[in-house]
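Engineer:
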Amino acid sequence: MHRGSGNPRIQYILANCQGFGVLSKSQNRHRALFHNFCFSIFVLSMRNLFVLSLALNVSLILRTMYEREQSHHWLSFETQKGQAVQKTRLALSSSSSSPAATTQVDTQDGGEKILNLARGDPTMFEKYWQQMGDKATVVIPGWQHISYFSDVTNICWFLEPKFAKEVVRVHKAVGNAVTEDRHIVVGTGSSQLYLAALFALSAHDLPEPVSVVSEAPFYSSYPSMTDCLKSGLYKWMGDARSFNKDGAYIELVTSPNNPDGHIRRSVVNKSEGILVHDLAYYWPQYTPISSPADHDLMLFTVSKSTGHAGMRIGWALVKDREIARRMTEFIELNTIGVSKDSQLRAAKILEVISDSSERAGSSEEGESFFEFSYHLMSERWKLLREAVEHSGSFSLPEFHPGFCTFLNRVSEPQPAFAWMKCERDIEDCESFLQGHKIFTRGGEHFGFGTEYVRISMLDRDDNFHLLVKRLSAIHI
Ligand SMILES: Cc1ncc(COP(=O)(O)O)c(C=O)c1O
């Protein structure tokens, strides 16, 4: 056992002890003494080693735990206002194949479940995809998608042709965007495409950054995404309604809008403006499709259309070739392309959606994705409105119905978020709801008042039903 030890310190001691083996016979007594001495040193060294390795292991475990805490930080509630020690973490399990287990919220606080509806995680759609089973399954052999390149003849050289084909097909089937004479740029979520658009649309030789604005309440990530790198090219300038600076600007038009669900148009109306249309929610489950959107630069994402936020796939429809080329350059500098595996999985999902949409109304098996999700959203908005009315402490936006060319009937807007106002002099709605163990995002994150909150309508059934139960029981 001793000889087998690979530790250099032990080997050094053993070598020295063996060295004593060449002592003369007259020194045998000393030799025995030396053996005992060596053995003691050896035992001592083993003990020291054991203590040392124990200490190292404990510090390693503590460090791993600390790093985990840190890396989960962005997933935790951002909205605490001091009082409650926050115990909620999204427990992400990579080993479990159960969809429910992969994003379970470990949320016990005083025995009552904390509802985290601050983020728009679209887990509601899981149910549909479970029903689809193998129809939406993709198998990718180990040898596939090794190259960086997808189609070197395309401006966006990392765009998978199959994905591009399905993007065009789904827009045709739904009738929500013009794709003719457009360049498709694929991105790691529409978040990456947003940054690519800012990069492409900013003049790189101007003495000061281009202003970026959006009408409040605006999507809460725009300010932080725009300014996170303190770019010299562009700068967040807040609410488009109060923007009165001369010179170049980029206006973000989010329609339907996150957080309030209203249909939006540009509001600045100055000559040097460039528009980016973020159409993440322009799909039939959220709003009536009135006509195909036909703008210079439009952003879409599977996150909110099909519910596959984890796939991290978005796409831009871009009229101008040079802008498409610069967006592609940004993504090349950023991530040298976009996951082919994800693009092909997204293509499959879009294909299933288009198939189901084209079949809608026929007697063939399988419900249309948009019919399914429209009915689910419709049911949820009905329950939410009933709960709010029963409580009497809150109010919700009202929407006008419109004709949906996809559903071929009049339909109601039913946004992915509820933009709810606390009534009865509650000034800080987020903190108030937090007291009822409902975590939301306060209005100030959207450039608006703290009497408003944004609540995700896209969580799983059990969480949504708990939400309406809790809201309807609040009476002030
Ligand atoms: C308006 C809007 N744009 C973009 C995004 C980001 O989408 P993705 O997941 O594709 O990055 C979101 C996500 O909530 C959004 O609400």
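In this note's numbering, the protein residues as written are 540 to 1015.
Where a beta carbon is used, it is the ideal one built from N, C-alpha and C, also for glycine.
1) Quick one: Cα of leucine 872 to Cα of leucine 734, how far?
2) Quick one: grab the DSSP three-state call for serine 598.
3) Roughly how many angstroms separate the alpha carbons of leucine 1006 and asparagine 947, rounded to a whole number?
4) Of the residues Ala863, Leu818, Trp696, Ala832, which one's Cα is nearest the Cα of glycine 841?
5) Under a three-way DSSP split, which group does tryptophan 696 fall into?
6) Can you find at least 3 beta carbon pairs, one from the stretch 793–808 and one from the stretch 689–698, that sit closer than 8 Å?
7) May I ask you to report which of helix, strand or coil DSSP gives glycine 982?
8) With DSSP run on the structure shown, which of helix, strand or coil describes lysine 774?
9) Between the beta-carbon of isoleucine 1013 and the beta-carbon of serine 930, is there less than 8 Å?
10) For aspartate 799, collect the residues of the same chain with a Cβ closer than 7 Å to its Cβ; drop the 5 residues on either side in sequence, then sort them by chain order.
11) Let me check understanding here. Comparing Cα to Cα, which of Pro680, Ala712, Ser760 lies closest to glycine 982?
12) Would arginine 708 and serine 1011 qualify as a contact pair, given that the criterion is a beta-carbon distance under 8 Å?
13) With C-beta atoms as the reference, is glycine 726 less than 8 Å away from tryptophan 920?
14) DSSP three-state call for asparagine 655: helix, strand or coil?
15) Does the distance between the C-beta of aspartate 482 and the nearest non-hydrogen atom of ligand 1 fall short of 7 Å?
16) Is the stretch 716–723 in contact with the stretch 909–919, if contact means three or more CB pairs nearer than 8 Å?
17) Could you check whether the Cβ of threonine 765 sits closer than 7 Å to any heavy atom belonging to ligand 1?
18) Within this structure, are the beta carbons of alanine 1028 and phenylalanine 1003 separated by less than 8 Å?
19) Do the stretch 848–866 and the stretch 958–975 meet, that is, are 3 or more Cβ pairs less than 8 Å apart?
20) How long is the line joining the alpha carbons of lysine 674 and proline 827, rounded to whole angstroms?
21) Between Asp778, Thr845, Lys652, Glu918, which lies nearest to arginine 884 when the distance is taken from Cα to Cα?
22) Give me, in chain order, the residues of the same chain whose beta-carbon lies closer than 7 Å to that of aspartate 1001; leave out the 5 immediate sequence neighbours on both sides.
23) Excluding five sequence neighbours on each side, which residues of the same chain lie with their C-beta closer than 6 Å to the C-beta of phenylalanine 987?
24) From glutamate 811 to asparagine 783, what distance separates their C-alpha atoms?
25) Does the beta-carbon of valine 706 have 16 or more other beta-carbons within 10 angstroms, so that it is buried, or is it exposed?
26) At the level of alpha carbons, what is the spacing between aspartate 785 and leucine 997?
27) Which residues does DSSP list as the beta-bridge partners of alanine 957?
28) Taking buried to mean at least 16 other C-beta atoms within 10 Å of its own C-beta, is glutamate 790 buried or exposed?
29) Quick check: valine 806 and alanine 779, are their CB atoms within less than 8 Å of each other?
30) Whole angstroms are fine: how far does the CA of isoleucine 813 sit from the CA of histidine 743?
31) Any chance the CB of threonine 867 is under 7 Å from a heavy atom of ligand 1?
32) Who pairs with cysteine 943 in a beta bridge, going by DSSP?
33) Does DSSP put aspartate 1001 in a helix, a strand or coil?
34) Tell whether a beta-carbon distance below 8 Å holds between alanine 514 and tyrosine 820.
35) Whole angstroms is fine: what's the gap from cysteine 943's alpha carbon to isoleucine 685's?
36) Quick one: what's got a C-beta closer than 6 Å to serine 950's C-beta in the same chain, skipping five residues either side?
Structural biologist: Taking the coordinates as given:
1) Taking the first residue of the sequence shown as position 1, residue 872 is located at position 333. Taking the first residue of the sequence shown as position 1, residue 734 is located at position 195. One C-alpha to the other measures close to 12 Å.
2) Translated into the one-based positions of the sequence shown, residue 598 becomes position 59. Reliability of the predicted coordinates at serine 598 is poor, the pLDDT of 46 falling under 50, and no value is obtained from them.
3) Stepping through the sequence shown from its first residue, residue 1006 is reached at position 467. Stepping through the sequence shown from its first residue, residue 947 is reached at position 408. Each residue's alpha carbon lies about 32 Å from the other.
4) Looking up residue 841 in the sequence shown gives position 302. According to the sequence provided, residue 841 is valine. The question's glycine does not apply to it. Restricting attention to Ala863, Leu818, Trp696, Ala832, the CA atom closest to the CA of valine 841 is found in Leu818.
5) Taking the first residue of the sequence shown as position 1, residue 696 is located at position 157. DSSP places tryptophan 696 in coil when its eight states are reduced to three.
6) By the criterion of at least three beta-carbon pairs nearer than 8 Å, the stretch 793–808 is not in contact with the stretch 689–698.
7) Numbered from its first residue, the sequence shown carries residue 982 at position 443. Helix at glycine 982.
8) Indexing the sequence shown from 1 puts residue 774 at position 235. DSSP places lysine 774 within a strand segment (E or B) once states are collapsed to three.
9) For the purposes of this step, residue 1013 is taken as the residue at position 474 of the sequence shown. For the purposes of this step, residue 930 is taken as the residue at position 391 of the sequence shown. The answer is yes: Cβ separation under 8 Å.
10) On the sequence shown, position 260 is the one that residue 799 refers to. Cβ-Cβ distances below 7 Å link aspartate 799 to Pro756, Pro936, Trp958 in the same chain, with the five nearest sequence neighbours on each side left out; the list follows chain order.
11) If you number the sequence shown from 1, residue 982 lands on position 443. Taking only the C-alpha atoms, the option nearest glycine 982 is Ser760.
12) Locating residue 708 in the sequence shown gives position 169, counting from the first residue. Locating residue 1011 in the sequence shown gives position 472, counting from the first residue. Cβ distance not < 8 Å, so arginine 708 and serine 1011 don't count as in contact.
13) Looking up residue 726 in the sequence shown gives position 187. Looking up residue 920 in the sequence shown gives position 381. At least 8 Å separates the beta-carbon of glycine 726 from that of tryptophan 920.
14) In the sequence shown, the residue the question calls residue 655 occupies position 116. It is a strand residue.
15) The displayed coordinates of the chain run from 540 to 1015. Any statement about residue 482 would go beyond what the structure contains.
16) With a cut-off of 8 Å, the stretch 909–919 and the stretch 716–723 do not count as touching, because too few Cβ pairs lie within range.
17) Within the sequence shown, numbered from 1, the residue matching residue 765 stands at position 226. No.
18) This structure cannot settle anything about residue 1028, because the visible part of the chain is limited to 540 through 1015.
19) Result no; under three Cβ-Cβ pairs closer than 8 Å.
20) Translated into the one-based positions of the sequence shown, residue 674 becomes position 135. Translated into the one-based positions of the sequence shown, residue 827 becomes position 288. Lysine 674 and proline 827 have their alpha carbons spaced roughly 28 Å apart.
21) Here residue 884 refers to the residue found at position 345 when the sequence shown is read from its first residue. The candidate whose alpha carbon is nearest that of arginine 884 is Thr845.
22) Locating residue 1001 in the sequence shown gives position 462, counting from the first residue. Excluding positions up to five away in sequence, the list is empty.
23) In the sequence shown, counting from the first residue as 1, residue 987 sits at position 448. Only Ala755, Pro756 meet the Cβ criterion.
24) Taking the sequence shown and counting its residues from 1, the one referred to as residue 811 is at position 272. Taking the sequence shown and counting its residues from 1, the one referred to as residue 783 is at position 244. Approximately 12 Å between the Cα atoms of the pair.
25) One-based indexing of the sequence shown puts residue 706 at position 167. Buried is the call here.
26) Reading the sequence shown from its first residue, position 246 is the one you call residue 785. Reading the sequence shown from its first residue, position 458 is the one you call residue 997. Going by the C-alpha atoms only, they are around 40 Å apart.
27) Position 418 of the sequence shown, counted from the first residue, corresponds to residue 957. Ile994.
28) Here the question's residue 790 lines up with position 251 in the sequence shown. That one is buried.
29) Taking the first residue of the sequence shown as position 1, residue 806 is located at position 267. Taking the first residue of the sequence shown as position 1, residue 779 is located at position 240. Contact flag set, yes.
30) Sequence index remark: in the sequence shown, residue 743 carries index 204 (1-based). Sequence index remark: in the sequence shown, residue 813 carries index 274 (1-based). Across the structure, histidine 743 and isoleucine 813 are spaced so that their CA atoms are roughly 15 Å apart.
31) Here residue 867 refers to the residue found at position 328 of the sequence shown. Incorrect: threonine 867 has no Cβ contact closer than 7 Å to ligand 1.
32) As a position in the sequence shown, residue 943 is number 404, starting the count at 1. According to DSSP, cysteine 943 bridges with Arg948.
33) Counting from 1 along the sequence shown, the entry for residue 1001 is found at position 462. Assignment of aspartate 1001 by DSSP, reduced to helix, strand and coil, places it in the helix class.
34) Only positions 540 to 1015 of the chain appear in the structure, and residue 514 is not among them; the question remains open.
35) Looking up residue 943 in the sequence shown gives position 404. Looking up residue 685 in the sequence shown gives position 146. Whole-angstrom Cα-Cα distance: 43 Å.
36) Your numbering for residue 950 matches position 411 in the sequence shown. For serine 950, where only same-chain residues beyond five positions count, the Cβ hits under 6 Å are Pro827, Cys943.
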